[in-house]
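*Asks:* Under the working numbering, read the sequence shown as residues 2 to 210, first letter to last.
Cβ coordinates follow ideal geometry from the N, Cα and C atoms, glycine included.
Please read these numbers as outputs of a predicted model, since none were measured by experiment.
Below is one structure. I have some questions about it.
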Amino acid sequence: MNPNKILYLGAEAEIKTSVYLGLSAVEKRRIRKSYRIPEIDHMLISARTKEESKLIMEARIQGVAVPIIYDVDVENGIITMEYIDGHRIKDIIHRLTEKERKRICEKIGDGIARLHNNDIIHGDITTSNMILVDDTIYFIDFGLGCKDSEIEAKGVDLHVLMEAFSSTHSLYPQCFDYVLDGYKKRFQGDADVICKKIEEIVRRGRYRT
Ligand SMILES: Nc1ncnc2c1ncn2[C@@H]1O[C@H](COP(=O)(O)OP(=O)(O)O)[C@@H](O)[C@H]1O
Ligand SMILES: [Mg+2]
């Protein structure tokens, strides 16, 4: 892999390929915002970098596939991590058969439940933030994540994916049901309460003025 190639340039972060002790890596560097007071900007970038790397490590400890963290540079807002050489779920979901889609979506639900069993809220569960390698789904981008034990936080976390499926992948309305099937099997709390919460969030959204 060609090091120092920009893989992605977003509003919040730049992802660059890199090499760490001979291993293929990526560097996620948070972008400074000129409209923010520099001290506040530095504080926010440091805090998010710390939080994201902690959540990724914790997810890994709980058996969720995530990139290995190689290094964290809090001062400069850079996380160096394992390069996940696969395909974003977003890019391959349409190529799968219905049977494969069901299996992959159930696995996604299993991963989310493992996170939620440990009160890890991903914060941005979309099909761009999951990479498939062979038969493993890697969760990336915990940049909006946090720890939260509330039902509300878990419901909102799943609702983001529900929206992603209904907007980006509107051809596959069953996908989110498959995700919930996988989630229910793995979740250690009362999954029905979470499902009710999702329905409530949907209602709230509908009546929002
Ligand atoms: N560890 C990684 N391995 C491979 N690709 C990655 C990795 N981390 C990020 N990427 C790529 O960079 C994109 C943006 O990274 P992400 O962490 O999602 O940033 P943002 O917070 O700006 O969305 C991802 O959608 C993915 O394509
Ligand atoms: Mg992302």
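(1) Helix, strand or coil, according to DSSP, for H43 in the structure here?
(2) So I79 packs on E40, CB below 8 angstroms; how close in whole Å?
(3) Which residues neighbour ligand 2 when neighbourhood means a C-beta less than 5 angstroms away from any of its non-hydrogen atoms? List them by chain order.
(4) Entirely within the stretch 89-126 and at least 4 residues each: give me those alpha helix (DSSP H) ranges in chain order.
(5) What residues match up with Y139 in a beta bridge as DSSP calls it?
(6) Below 8 angstroms CB to CB, which residues in the same chain sit around K6 once its five sequence neighbours on both sides are set aside?
(7) What residue does the alpha helix (DSSP H) around M2 start on, and which one ends it?
(8) Between which two residues does the beta strand (DSSP E) containing L8 stretch?
(9) With the cut-off set at 7 angstroms, would you say V75 and K103 are in Cβ contact?
(10) For a test of the three-state rule: what should DSSP assign to D74, helix, strand or coil?
(11) If we count the other Cβ atoms within 10 Å of its Cβ and call it buried at 16 or more, is R37 buried or exposed?
(12) When DSSP builds the beta bridges, which residues end up paired with A26?
(13) Give me, in chain order, the residues of the same chain whose beta-carbon lies closer than 6 angstroms to that of A114; leave out the 5 immediate sequence neighbours on both sides.
(14) Roughly how many whole angstroms lie between the Cα atoms of S47 and E99?
(15) Would you say the stretch 111-129 touches the stretch 146-160, given that touching needs at least three Cβ pairs under 8 angstroms?
(16) Using 10 angstroms around the beta-carbon of R49, count the other beta-carbons present and answer buried if the total reaches 16, otherwise exposed.
(17) Any idea if Y139 is buried or exposed, counting beta-carbon neighbours within 10 angstroms, 16 or more meaning buried?
(18) Under the criterion of a Cβ to heavy atom distance below 6 angstroms, does D13 qualify as lining ligand 1?
(19) Shortest alpha-carbon distance to L133 belongs to which of L97, E164, G124 and D158?
(20) Work out the CA separation of M58 and V203 for me, nearest whole Å.
(21) Using the rule of at least 16 other Cβ atoms within 10 Å of the residue's Cβ for burial, across every protein chain shown, is T137 buried or exposed?
(22) Taking the alpha-carbon of F166 as reference, which of D92, I195 and A154 has the nearest alpha-carbon?
*Replies:* Result, derived from the coordinates:
(1) The three-state reading of DSSP puts H43 in helix, counting H, G and I together.
(2) About 19 angstroms separates the two Cβ atoms, so there is no contact after all.
(3) Here the list is N130 and D142.
(4) 90-93 and 99-118
(5) Per DSSP, I132.
(6) K17 and T18
(7) That residue, M2, is in no alpha helix (DSSP H); it is neither H nor E in DSSP.
(8) From DSSP, the beta strand (DSSP E) with L8 extends over I7 to L10.
(9) no
(10) strand
(11) exposed
(12) S19 and E83
(13) Excluding positions up to five away in sequence, the list reads Y184, R187 and F188.
(14) 43 angstroms
(15) yes
(16) buried
(17) buried
(18) Rather than Asp, the amino acid found at residue 13 in this sequence is Glu. Because some heavy atom of ligand 1 lies under 6 angstroms away, the Cβ of E13 counts as near it: yes.
(19) L97
(20) 32 angstroms
(21) Taking all protein chains shown into account, T137 has fewer than 16 neighbouring C-beta atoms within 10 Å of its C-beta and is therefore exposed.
(22) D92
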